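Taking it in order: structure first as structure tokens, then the write-up.
In full-length UniProt numbering, the protein residues as written are 1 to 201.
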């Protein structure tokens, strides 16, 4: 992965990932993160900042950053995260949510498609849905989402997983999908087909 200076979102070109350097994660870097997520949703974002403030870190995740590193950190950790970003960007494929359902997640275009309808996804939403799809109806725990789908970014908790599950659920409903994300109390989440769910009840 080659590093080049970036002044504005328009300079991103064909970038797979961007490093956001900031003393603190205040309004200016958060605005850049949100703008990049909106205009270049497929680009992975890593924020580097001074001091670890939980509230600002969570605000960065909400704005759309994929991971954060706070000083002091080891250079090898930065290199490892960039390599992980490179691996994640290589898996841009269209994944059916369930074999018998006409719902597809496109990780490259960051789209959720149901038949001829589509809506945009954030990177976190797409990765969450693909992890659920790969479980083939099995239960996925919150810690599995944080580790396996999102790469265990610093400060992410199960509560943030619940937030993104809510976002994904709403988009499935808006598209009239026959797939839903079902909560399994004390365990996690799984994908279910509405028709098959009704047949079991």
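We put the CB at the ideal spot given by N, CA and C, even for glycine. Remember, predicted model here, so these are calculated numbers, not experimental data.
- Residue 36 counts as buried, since at least 16 other C-beta atoms from the protein chains shown sit within 10 angstroms of its C-beta.
- If you look at residue 27, you'll find it in the alpha helix (DSSP H) that goes 27-39.
- Comparing alpha carbon positions, the residue from 77, 78 and 104 closest to residue 177 is 104.
- If only uninterrupted beta strand (DSSP E) runs of at least 3 residues are considered, those enclosed by the UniProt DNA-binding region "OmpR/PhoB-type" (95-193) are 103-106, 111-114, 117-120, 179-184 and 188-193.
- Assignment of residue 43 by DSSP, reduced to helix, strand and coil, places it in the coil class.
- In the three-state DSSP reduction, residue 70 falls in the strand class (E or B).
- Leaving aside the five residues that flank residue 115 on each side, the residues in its chain whose CB is nearer than 7 Å to its CB run, in chain order, 102.
- In terms of Cα proximity to residue 55, the closest of 155, 168, 193 and 117 is 155.
- Excluding residues up to 5 positions away in sequence, 20, 22, 47, 49 and 60 lie with their Cβ nearer than 8 Å to the Cβ of residue 29 in the same chain.
- Between residue 43 and residue 80, the gap from beta carbon to beta carbon reaches 9 Å or more.
- For residue 67, the closest alpha carbon among the candidates 117, 124 and 31 is that of 124.
- Within the same chain, and ignoring the five residues on either side of residue 158 in sequence, the residues whose Cβ sits closer than 8 Å to its Cβ are 142, 143 and 146.
- In the three-state scheme derived from DSSP, where H, G and I count as helix and E and B as strand, residue 65 is classed as coil.
- By the CB criterion at 9 Å, residue 193 and residue 184 fall outside the cutoff.
- Rounded to whole angstroms, the separation of the alpha carbons of residue 78 and residue 70 is 10 Å.
- In the DSSP assignment, residue 49 forms a beta bridge with 22 and 70.
- Looking at the DSSP output, residue 59 bridges to nothing.
- Contact annotation: residue 64 and residue 119 have beta-carbon atoms that are not nearer than 9 Å.
- With respect to the 9 Å criterion, residue 112 and residue 133 are not classified as neighbours on the basis of their beta carbons.
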